[in-house]
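Participant:
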Amino acid sequence: MPVPSVTAPVRPPRPAPDDRVKRVFDVLLATVLLLLTAPLMAAVAVAVAVGLGRPVLFRQCRIGRADRPFELVKFRTMREPRGTLTSDADRITPLGRWLRATSLDELPTLWNVVRGDMSLVGPRPLLPEYLGRYSPTQARRHEVRPGVTGLAQVRGRNSLDWDDKLALDVEYVRHRSLRLDLSILAATVRTVLRREGISAAGSATAPEFLGSRR
32 MPVPSVTAPV
42 RPPRPAPDDR
52 VKRVFDVLLA
62 TVLLLLTAPL
72 MAAVAVAVAV
82 GLGRPVLFRQ
92 CRIGRADRPF
102 ELVKFRTMRE
112 PRGTLTSDAD
122 RITPLGRWLR
132 ATSLDELPTL
142 WNVVRGDMSL
152 VGPRPLLPEY
162 LGRYSPTQAR
172 RHEVRPGVTG
182 LAQVRGRNSL
192 DWDDKLALDV
202 EYVRHRSLRL
212 DLSILAATVR
222 TVLRREGISA
232 AGSATAPEFL
242 GSRR
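Below, the structure is given as structure tokens:
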């Protein structure tokens, strides 16, 4: 599936002291996690194939560092849109809800980390159409690789509104360090086990970002 091009100004990343060490850490840990979770991913793939059919993987264009598009890979959690099944709430299945609640749908995203599209920790990768909706401050989230988890994910996840999530993304960019990454990874384990902030109020996932209200 080709990744569509995105016409947008490319923001040069601002380097931080730990950025090179962070990349090595990302590749090593993501590779280890891919190897350790391979049997689990195989089981999830079979469950998705039986419960939702093929394709097993969900692929979508997202925006990464310096506004560059890439193809995000996750396990499918929703039926294909057809007939009256058009909204996320209608399309998501019980299996899909469980995969999202446990974050098992995110396991294939580790491959995006190894490839260099993403980091283990950073702002979550969002859709291309959001590019023109950020304020100049919010656009700083694209100075770093997007993350499998991030500061916003351990401070409320989808229970936060967009302004708060994006403010936390920028806070991470400003203060990023390997020490902060380690604390976020530890907090992510607690968040996943507690199944906190899985969806926004009144939404199966999160509402569309239409632009900052602040």
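Numbering (the numbering used here), first residue to last: 32 to 245. Think of the CB as a built atom: it goes at the ideal place given N, C-alpha and C, for glycine as much as any other residue.
#1: Do the region 127 to 138 and the region 93 to 102 meet, that is, are 3 or more Cβ pairs less than 8 Å apart?
#2: Return the chain-ordered list of same chain residues with a C-beta closer than 6 Å to the C-beta of D195, the five sequence neighbours on each side being excluded.
#3: Does the structure place the region 68 to 82 close enough to the region 142 to 160 that three or more beta carbon pairs sit under 8 Å?
#4: Report buried or exposed for G242, applying the criterion of at least 16 other Cβ atoms within 10 angstroms of its Cβ.
#5: Return the residue from the list V223, A218, R221 and G153 that minimises the CA-CA distance to A198.
#6: Which residue marks the beginning of the alpha helix (DSSP H) containing V145, and which one marks its end?
#7: With 16 as the cutoff for other CB atoms within 10 Å, does A183 come out buried or exposed?
#8: Quick one: using the 10 Å Cβ neighbour count with 16 as the cut-off for buried, is L138 buried or exposed?
#9: For M32, does the count of other Cβ atoms within 10 angstroms reach 16, so buried, or fall short, so exposed?
#10: Using CA coordinates, which residue listed in R171, L216, V220 and S190 is at the minimum distance from R205?
#11: Among L64, D200, G181 and E102, which has the Cα closest to the Cα of S214?
#12: Which word fits E160, buried or exposed, when buried means at least 16 other C-beta atoms lie within 10 angstroms of its C-beta?
#13: Could you check the C-alpha separation between A74 and V87 for me, to the nearest Å?
#14: Note down, in chain order, each residue of its chain lying with its Cβ closer than 6 Å to the Cβ of T68, except the 5 sequence neighbours on either side.
#15: Measure how close the beta-carbons of K105 and L209 come, nearest whole angstrom, since I'm counting them as under 8 Å.
#16: In whole angstroms, what is the alpha-carbon distance linking R207 and A218?
Facilitator: The short version:
#1: Flag = no, the region 127 to 138 and the region 93 to 102 do not touch.
#2: Setting aside the 5 residues that flank it on each side, D195 has no residue in the same chain whose C-beta is closer than 6 Å to its C-beta.
#3: Between the region 142 to 160 and the region 68 to 82, the count of Cβ pairs shorter than 8 Å is below three; the stretches do not touch.
#4: That one is exposed.
#5: Ranking V223, A218, R221 and G153 by Cα distance to A198 puts G153 first.
#6: Taken as a continuous stretch (DSSP letters only), the alpha helix (DSSP H) holding V145 covers T140 to R146.
#7: Looking at its Cβ environment, which holds 16 or more other Cβ atoms inside 10 Å, A183 is buried.
#8: Flag for L138 reads buried.
#9: In this prediction, M32 has a pLDDT of 48, which is less than 50 and means its spatial position is unreliable; nothing more can be read from the coordinates.
#10: For the options R171, L216, V220 and S190, the alpha carbon positioned closest to that of R205 is the one of R171.
#11: Nearest of L64, D200, G181 and E102 to S214, Cα basis: G181.
#12: The residue in question, E160, is exposed, as its Cβ has fewer than 16 Cβ neighbours within 10 Å.
#13: If I take the Cα positions, the gap works out to 11 Å.
#14: Taking T68 as the centre and dropping the five residues before and after it, the same chain places the C-beta of L138 closer than 6 Å to its C-beta, in chain order.
#15: 26 Å between Cβ atoms; not a contact.
#16: Spanning the two alpha carbons is a distance of roughly 15 Å.
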